[in-house]
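In this note's numbering, the protein residues as written are 12 to 324. Glycine included, each C-beta is placed from N, C-alpha and C at the ideal position. Data first, discussion second: the structure below is written as structure tokens.
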Amino acid sequence: MTKGRIIALISGLAIIAFSIAILNANRAERSGSVADELVEATEVLPENEGKLVMVAGTPALADGGVVVDQEAGLQVENAVYYSRMPYQLVYVEKERKIVVDEGEDKQSPVDDVVEYERYVVSDWIPATADRESVITNSGVKYENPQAVNLKAYHASGDLYIGGFEVSAADVYEYLVTENRGFTPEELLASCGEYVQKSGLDFWVDENQYGHGMLSDGNEIGSVHVTFSYETLEGAKPVTVIGRQRGSQLVLEEDDLVSEAEQVQAGLIAKEAFLESITAEDASSRKIGIGGIVLGAVLAVLAIVWDKLFYRKK
12 MTKGRIIALI SGLAIIAFSI AILNANRAER SGSVADELVE ATEVLPENEG
62 KLVMVAGTPA LADGGVVVDQ EAGLQVENAV YYSRMPYQLV YVEKERKIVV
112 DEGEDKQSPV DDVVEYERYV VSDWIPATAD RESVITNSGV KYENPQAVNL
162 KAYHASGDLY IGGFEVSAAD VYEYLVTENR GFTPEELLAS CGEYVQKSGL
212 DFWVDENQYG HGMLSDGNEI GSVHVTFSYE TLEGAKPVTV IGRQRGSQLV
262 LEEDDLVSEA EQVQAGLIAK EAFLESITAE DASSRKIGIG GIVLGAVLAV
312 LAIVWDKLFY RKK
């Protein structure tokens, strides 16, 4: 290895070590700020608006978790999520890899000779989604139907921990849910007006899960409207840290708490949380000091090596 490369390597390691030291030193300052700003709460209070709030409890749905789809004439209870999704069957162009020659090493793809082939298939996409009006492949033209003006509808029940509304997505891993749908009979009884307004010749069919859906066929241009929802069957205790915005606890990027610290399993008190991050900060200080020492040693080695090199010359 040449002198220049060795010095470059040592200098690079020194820079990395100093960078680690700086990053960890910055992190070590936060525990005091969290202790001052973090508010442990069980209810929404006006004086905590915009503050960093910590709430612990078991997520529960308010008002029976009722979600109403007025356009389709449907209503569900105990719902974490509800979805009405129209799909349309259209042509889409895809690409696949074909191995022409496996090369000398048959066990590894490193020296494979490959080609890429574009091909056209029919696929279900959201009914309002953009699509290519005409696809030409291998001299064949595939004409797509125009998008259908049937909008999707997604909603969720109001999920609370204590007096705070939280997003189901934020605490989803702590929820026990079950996927459900409607029977064909339920859709026949409730969706008549929706079918009439759609202007399509819908009938009730079943999807691959045995749930009722609306369909006008299975040819290119056909539309399926699927209905599904998730019910809350149970929940695990959880602690959430976020900013109070009205009655909501909003999880957003924050300098004081990391993403992993915003939602934690179990019921954690503020004192226990502060102890955990204080221990982390103490560890960060040690790493920072170690990084500084390591960086300084590497820098000195670089200087000494440089001097020895010139002496030999």
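Please classify residue i as buried or exposed, where buried requires at least 16 other C-beta atoms within 10 Å of its C-beta.
i, result
"Ala67", "buried"
"His235", "buried"
"Ile252", "buried"
"Ile279", "buried"
"Val87", "buried"
"Gly150", "exposed"
"Glu115", "exposed"
"Glu230", "exposed"
"Thr250", "buried"
"Gly210", "exposed"
"Val124", "exposed"
"Val145", "exposed"
Need the endpoints of the alpha helix (DSSP H) that residue i sits in, please.
i, result
"Pro7", "Limits of the chain in this structure are 12 at one end and 324 at the other, which puts residue 7 out of reach."
"Ala246", "Per DSSP, Ala246 belongs to no alpha helix (DSSP H); it is in the beta strand (DSSP E), 234-246."
"Glu270", "270-273"
Nearest to residue i by CA position, among the options, is which residue?
i, options, result
"Arg95", "Lys105, Glu48, Gln81", "Gln81"
"Ser178", "Lys162, Gln273, Ser287, Leu100", "Gln273"
"Arg256", "Glu51, Lys62, Gly277", "Lys62"
"Ile64", "Val121, Gly76, Thr53", "Sequence check: residue 64 is Val here, not Ile. Among Val121, Gly76, Thr53, the Cα nearest to that of Val64 belongs to Thr53."
"Ile136", "Glu88, Glu176, Gln99", "Gln99"
"Thr289", "Gln275, Val268, Leu278, Thr147", "Val268"
"Leu170", "Ala283, Glu60, Val77", "Val77"
"Gly174", "Asn59, Gln86, Asp74, Ser258", "Ser258"
"Thr147", "Tyr130, Asp134, Leu161, Lys162", "Tyr130"
"Ser133", "Gly232, Met224, Gly43", "Gly232"
"Glu126", "Ala138, Lys108, Lys117, Asp47", "Lys108"
"Pro6", "Ile172, Asp47, Val79, Val124", "The question about residue 6 has no answer, for the chain in this structure spans 12 to 324."
Assuming residue i contacts residue j under a Cβ cut-off of 8 Å, what Cβ separation, rounded to an integer in Å, is found between them?
i, j, result
"Val91", "Ser167", "6 Å"
"Ser45", "Leu285", "The identity of residue 45 in the sequence shown is Val, whereas the question assumes Ser. Yes, Val45 and Leu285 are in contact; Cβ-Cβ is about 7 Å, under 8 Å."
"Gly84", "Glu204", "6 Å"
"Pro70", "Ala276", "Actually they are not in contact, since the Cβ atoms of Pro70 and Ala276 sit about 12 Å apart, beyond 8 Å."
"Val206", "Arg142", "In fact, because the Cβ distance is near 24 Å, the residues do not count as touching under 8 Å."
"Ser226", "Phe213", "7 Å"
"Tyr220", "His165", "About 18 Å; that fails the 8 Å criterion."
"Pro57", "Ala163", "37 Å between Cβ atoms; not a contact."
"Pro195", "Gly228", "Not quite, the Cβ-Cβ distance comes to about 16 Å (not below 8 Å), so this is no contact."
"Ala138", "Val159", "4 Å"
"Asn89", "Gly75", "6 Å"
"Gly254", "Glu264", "According to the sequence as given, residue 254 is Arg; it is not Gly. With a Cβ gap of about 10 Å, Arg254 and Glu264 do not count as contacting."
"Glu104", "Glu128", "Contact flag wrong, Cβ pair sits at about 11 Å."
What first and last residue would you give for the beta strand (DSSP E) that runs through residue i?
i, result
"Glu154", "151-154"
"Ala67", "63-68"
"Leu260", "259-261"
"Pro97", "90-112"
"Val177", "175-177"
"Arg142", "Where Arg142 is concerned, there is no enclosing beta strand (DSSP E), given that its DSSP letter is neither H nor E."
"His165", "164-167"
"Leu85", "85-87"
"Val251", "249-256"
"Leu267", "Taken as a continuous stretch (DSSP letters only), Leu267 belongs to no beta strand (DSSP E), as it is neither H nor E."
"Glu189", "186-191"
"Val121", "Premise fails: Val121 is in no beta strand (DSSP E) and is neither H nor E."
"Gly223", "223-226"
"Val55", "Unbroken run through Val55: none, as it is neither H nor E."
"Glu217", "214-217"
"Ile172", "170-172"
"Asp80", "78-80"
For the ligand GDP, I want to know if residue i counts as a neighbour, meaning its beta carbon is within less than 8 Å of at least one of the ligand's heavy atoms.
i, result
"Ser209", "Although the ligand GDP was asked about, the structure shown includes no ligands whatsoever."
Step through the CB atoms of chain C and report whether any lies within less than 9 Å of the CB of residue i.
i, result
"Asp134", "In summary, chain C is missing from the structure at hand, where a single protein chain is found."
Does the contact criterion of 3 or more C-beta pairs under 8 Å hold for the segment 149-157 versus the segment 179-187?
Using a C-beta cut-off of 8 Å, the segment 149-157 makes no contact with the segment 179-187, since fewer than three inter-stretch Cβ pairs fall below that distance.
Sufficient close CB pairs (3 or more, under 8 Å) joining the segment 186-194 to the segment 238-245
Between the segment 186-194 and the segment 238-245, the count of C-beta pairs closer than 8 Å reaches three or more; the two stretches touch.
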